[in-house]
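Visitor: Everything in the sequence shown is counted per the numbering used here, starting at 461 for the first residue and increasing by one.
Where is the CB? At the ideal position from N, CA and C, for every residue including glycine.
Remember, predicted model here, so these are calculated numbers, not experimental data.
Below: one structure in structure tokens.
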Amino acid sequence: MAGCCSCFCRWSTFALVLFILSAIPISLILSLEQSTKSISYQSRHWSHECAKWDPLSEKFLVSTFSGGGLAEVAPTGGEERVVVQDLAVAGNFSVGINIDRVRRRALVVYSDGIRGRYGAIGAYRIGSWDQLFLTHLTRPGDKPSFADDVAIDEEGNAYITDARSNKIWKVSSDGELLSVIKSDIFVTKRGLLNNLVGLNGIVYHPNGYLLVIHTSTGSLFKFNMRTEEITLVKVEGSLERGDGLELMSNKRLVVAGTPTRLVDSSDDWMTAKVVGRYVGPVHRIPTSATVKDGKVYLNHLVGFGFGRKTHRLAEATFTP
461 MAGCCSCFCR WSTFALVLFI LSAIPISLIL SLEQSTKSIS YQSRHWSHEC AKWDPLSEKF
521 LVSTFSGGGL AEVAPTGGEE RVVVQDLAVA GNFSVGINID RVRRRALVVY SDGIRGRYGA
581 IGAYRIGSWD QLFLTHLTRP GDKPSFADDV AIDEEGNAYI TDARSNKIWK VSSDGELLSV
641 IKSDIFVTKR GLLNNLVGLN GIVYHPNGYL LVIHTSTGSL FKFNMRTEEI TLVKVEGSLE
701 RGDGLELMSN KRLVVAGTPT RLVDSSDDWM TAKVVGRYVG PVHRIPTSAT VKDGKVYLNH
761 LVGFGFGRKT HRLAEATFTP
């Protein structure tokens with residue numbers, strides 16, 4: 461079954477690439493590729509979902525999505541090196557990732573992208589890449605789900621979004637599933653089109669709360685972990701199709717997507733305003749953001765090429 465799923469994933473990604481290429485003029489693609497400052501690297505996989513910069517190892521970590529693993533990429537590019545290929549989750553996507561810098565470990569979210577019946581979070585020691593824990597998020601009888609992105613608080617707890625059923629799993633620093641955060645507040649609009657992709661990108665704010673985005677509606681939520689209060693951040697400007705999140709500072713947030721947006725708040729994220737936008741190689745589909753040396757780099761879902769695929773981490777330059 462895992463082999464069939466893997467084959468289906470590869471063909472699904474290939475079909476997606478063909479669709480994108482057919483929908484966008486070649487001249488526009490060439491223009492976007494040439495005008496974008498980026499780090500190029502090679503992989504045998506078509507798709508990569510998330511990338512995060514690790515300043516201690518001085519490498520990017522990227523999830524290989526349909527490849528189901530984790531790879532590292534040098535800041536100069538070149539060939540990626542797969543460092544995690546966990547057989548316990550074979551046949552599933554590797555999706556969101558995050559780096560626990562205090563405990564020197566990488567967290568990887570795994571998800572069944574076909575049936576929505578499996579979700580897990582794995583922790584791996586950076587360097588040796590030994591598995592520290594693998595926690596199943598889904599249980600028999602659960603509604604279909606899609607475990608997506610992950611944030612880490614100061615105590616090492618992980619918070620994983622469910623982009624299909626609009627909830628958040630909380631997992632302790634030693635891998636125990638502690639709770640599931642659910643609320644009707646997370647669904648601001650009803651209907652299939654308004655919930656094709658639900659809760660997605662998530663970050664932990666040092667002031668003790670989570671910021672999480674609902675992709676289809678662009679709603680940005682604030683979850684106070686002490687009071688468990690959930691509020692809708694009043695944002696001036698649209699965040700629709702927002703995907704991965706990354707804090708540049710306590711008052712500035714990057715929302716990856718098409719376009720990628722720069723968002724500021726001066727009142728501890730009760731309200732916020734879109735202050736910048738960046739449109740890069742949209743045919744590659746931007747999915748996550750990370751910060752290296754004060755610069756924002758965007759991961760893109762799709763790589764191009766025959767045999768080895770070329771992927772790009774694009775440096776975002778925002779304009780008002």
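Whose C-alpha, out of Y669, V715, G736 and T777, is nearest the C-alpha of T747?
Guide: Closest option to T747, Cα to Cα, is V715.
Visitor: Short check: CB of N558 to CB of A611, under 8 Å?
Guide: In this structure, A611 lies closer than 8 Å to N558 by Cβ.
Visitor: Quick one: give me the first and last residue of the beta strand (DSSP E) that Y669 is part of.
Guide: Here the beta strand (DSSP E) through Y669 covers Y669 to H674.
Visitor: Quick one: what does DSSP say I645 is sitting in, helix, strand or coil?
Guide: The answer is helix: DSSP assigns I645 an H, G or I state.
Visitor: What are the complete alpha helix (DSSP H) segments, minimum 4 residues, inside the stretch 675 to 746?
Guide: You should have found no qualifying run.
Visitor: Spatial neighbours of N654 within its chain, please: C-beta separation below 6 Å, excluding the five flanking residues on both sides.
Guide: Around N654: S676 and T677.
Visitor: Among E532, R768 and Y584, which residue has its Cα nearest to the Cα of H505?
Guide: When only C-alpha atoms are compared, the closest one is R768.
Visitor: Given R564, which residues of its chain have a CB within under 6 Å of its CB, disregarding the five upstream and five downstream residues?
Guide: Around R564: I586.
Visitor: Is the number of C-beta pairs between the stretch 666 to 686 and the stretch 710 to 724 that are closer than 8 Å three or more?
Guide: Touching, yes.
Visitor: Three-state secondary structure (DSSP) at V549?
Guide: Note: V549 maps to helix in three-state DSSP.
Visitor: Is DSSP giving L458 helix, strand or coil here?
Guide: Any question about residue 458 goes unanswered here, given that the chain covers just 461 to 780.
Visitor: If you draw a straight line from the C-alpha of Q591 to the C-alpha of I628, how long is it?
Guide: Those two C-alpha atoms are separated by around 23 Å.
Visitor: Which residues bound the beta strand (DSSP E) around N617?
Guide: Note, N617: premise wrong, no beta strand (DSSP E); not H, not E.
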